[in-house]
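Quick note: the sequence shown uses the working numbering, first residue 39, plus one each step. Worksheet: one structure, shown below.
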Amino acid sequence: MIEWLRRLRGLFLALALLAILLYVFTLNFQAPTDVGLFRRLVIEVFSPVLNLLHSSSRSIDEKIKGYVVLRQVRQDNEQLRGQINELQNKLTAYQEAFLENQRLRRLLDFKNTLGVKGIASQVVVHDPSGWFQTVVIDKGSREGIKTDMAVVNEEGVVGRIAEVSDHYSRVILITDPESAVDALVQRNRTRGIMTGKDEKSCLLRYVRGNLDVRTGDLVITSGKDGIFPKGLRLGIVREVVKDPVDLFQTIALQPIVNPNYVEELLVIGNHELPPDNWQETQSDE
């Protein structure tokens, strides 16, 4: 683009120079008495042309300069956009680090409340198929993980260890139909078995029809399955159905922990169960 404009300006200058040379050449062949008249005639003819050529040349110069400035502005804008993107990426990374630090701090506080050692871990894989309610964590047998160890966070029970490799473990979540946790209704100590139903709900099974279970009741771990400490939160009763011909009630629960959003988890073994006085205190709150 710039090269083309420069060539066009050169053409105009060449035409102007040719006009001037023609003017001088014709003067040399005029009689002295006719010089004034012919000069005036040449000036009348060529002055508008020369003025047009001068204006065009100046316009071309201005356009060339404007194009160069515009090109520089565009380059500066691209550079600024790159710097903004870099700063936004850094800000996102800092925010993620800050939020992760907050979650880890809450998990550490919870571990101290439990009074157990525990093994902190990070979720690295969520089951994408939805057929199995499982996650994979970044700790395995090399870090002391074993099957049937409890997996929790500061909100409540998440699941238990189902499979272990050297550096990774698969956790079966409490929402999986194959999961089973010995549970209590905190309000009146009614006991049942909580099993998974789907990714958003669980069931409290084997509760006799004459027992008092109400919508809104908190269900906690009983501590009698040898896996989970007593008094950890499991879910909230959302529906109670009593069938006169059925021995047991149908009790639907909403799990306390949303398995779709777990990131940092604490793995504890059944040999690390808290003392009885802590269990009773937590379960009666």
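The beta carbon of each residue, even a glycine, is placed where N, CA and C say it ideally should be. Note that the coordinates shown come from a computational prediction; the quantities given were computed from them, not determined experimentally.
Within its own chain, no residue has a Cβ closer than 6 Å to the Cβ of residue 147 once the five positions on either side in sequence are excluded.
Per DSSP, residue 241 is one residue of the beta strand (DSSP E) stretching across 239-243. At the C-beta level, residue 173 and residue 300 come within 8 Å of one another. Residue 284 and residue 242 have their alpha carbons spaced roughly 15 Å apart.
Distance from the Cα of residue 218 is smallest, within the candidate group 184, 235, 224, 206, for 235.
Burial state of residue 126 is exposed, judged by a 10 Å Cβ sphere holding fewer than 16 other Cβ atoms. Taking C-alpha positions only, residue 116 is separated from residue 108 by approximately 12 Å. Taking 8 Å as the cut-off, the Cβ atoms of residue 198 and residue 189 count as close.
A distance below 8 Å between beta-carbons, with the five flanking residues on each side excluded, links residue 165 to the following residues of its chain, in chain order: 171, 172, 173. Short of 7 Å from the beta carbon of residue 159, and not among the five residues preceding or following it, lie these beta carbons of its own chain, in chain order: 175, 176, 177, 303, 305. The beta carbons of residue 293 and residue 212 sit about 6 Å from each other, so the pair counts as a contact at 8 Å.
Here residue 232 is bridged, per DSSP, to 219, 242. Taking C-beta atoms as the reference points, residue 228 and residue 209 fail to come closer than 8 Å. According to DSSP, residue pairing for residue 160 in a beta bridge involves 302. At a cut-off of 3 residues, the continuous stretches assigned as beta strand (DSSP E) that sit fully inside the stretch 108-187 are 157-164, 172-175.
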